[in-house]
Amino acid sequence: MNSHTNSASRREFLRRLAAGSAAWGLFPNAVSRLAADEPGALPKGKRLIVRSAAPLNAEPALGGLAADWITPLELFYIRNHGPTPTIDAAGHQFSVTGMVEKPITLSVAELVERFPAVHATATLTCAGNRRNEFQGPKIGGVQWGAGAIGNANWAGVSLASVLQHAGVQAGAKHVWFEGADVISDKSESYPFGGSIPLEKALPGERSVAPVLLATKMNDKPLTAEHGAPVR
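Taking the working numbering, the leading residue of the sequence shown gets 7, the next gets one more, and so forth.
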């Protein structure tokens, strides 16, 4: 399939996806509403510096961030491209469709019950971290300091096990993820999403670590600002 990272718009890529040119998709299909971000409002207990109020983007001060190898939840940065979805985890479902032998729909409970648990320690960082230190013309986007990074213990199930259950068809190349959060761009709105090469999702020479469908972060259920109920 053609790469969707060059001149094709997100809308065009979604049209191609619907036409079957992508490998398979992971899509939330429970109805969720978007929470109106209160400007500057942080989730309870968070100790962060707000860099953008709506959508909410915030980072910790570096002193607190550097104090622990595992970043405490109250100091883990928040990155949003749109309003945070409010989702009923008990009723939430997602679907695996596209180039698979057996399209499936699972609740969060079914996900964690049917597939083996996997744990991983992983670092996340925003690609724009330290943007406010750039020299020369100002770069657009959230003006991050150096705190848009965090290290957490994640738990969930491996993406590979879900893929293998659905049965990936020959010729599939990419895994496309579509979130419940909706992005507004001028006159159009679309779900936030992204993709990875299929070879990164499945066991093999180029899959150096399991891709995780995470349901917990630092031994606690994911919170809304960190992608609950499944990230």
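Every residue, glycine too, gets a C-beta built ideally from N, C-alpha and C. Being a predicted model, the structure only gives us computed values, none of them experimental.
Simplified DSSP assignment, three categories, for residue i
| i | result |
| --- | --- |
| residue 167 | helix |
| residue 206 | helix |
| residue 157 | strand |
| residue 44 | Only weak support is given to the placement of residue 44: the predicted model assigns it a pLDDT of 49, under 50, and the question is left unresolved by the model. |
| residue 107 | coil |
| residue 118 | helix |
| residue 172 | helix |
| residue 225 | coil |
Rounded separation between residue i and residue j - CA only
| i | j | result |
| --- | --- | --- |
| residue 220 | residue 229 | 11 Å |
| residue 210 | residue 170 | 13 Å |
| residue 179 | residue 69 | 43 Å |
| residue 120 | residue 151 | 41 Å |
| residue 217 | residue 59 | 31 Å |
| residue 126 | residue 175 | 28 Å |
| residue 145 | residue 137 | 7 Å |
| residue 96 | residue 117 | 12 Å |
| residue 92 | residue 74 | 30 Å |
| residue 154 | residue 128 | 14 Å |
| residue 193 | residue 88 | 15 Å |
| residue 184 | residue 72 | 33 Å |
| residue 236 | residue 62 | 20 Å |
Proximity below 8 Å, CB of residue i to CB of residue j
| i | j | result |
| --- | --- | --- |
| residue 48 | residue 226 | no |
| residue 148 | residue 134 | yes |
| residue 33 | residue 100 | yes |
| residue 64 | residue 83 | yes |
Range covered by the alpha helix (DSSP H) that runs through residue i
| i | result |
| --- | --- |
| residue 236 | Counting along the chain, residue 236 falls outside any alpha helix (DSSP H), and DSSP gives it neither H nor E. |
Opening and closing residue of the beta strand (DSSP E) in which residue i lies
| i | result |
| --- | --- |
| residue 150 | Per DSSP, residue 150 belongs to no beta strand (DSSP E) and is neither H nor E. |
| residue 1 | A query on residue 1 cannot be resolved here, the shown segment of the chain reaching from 7 to 237 and no further. |
| residue 180 | 180-191 |
| residue 96 | Where residue 96 is concerned, there is no enclosing beta strand (DSSP E), given that its DSSP letter is neither H nor E. |
> Which parts of the stretch 49-80 are runs of the beta strand (DSSP E), unbroken and 3 residues or longer, counting only runs that do not cross its ends?
Replying inline: 55-58, 63-65
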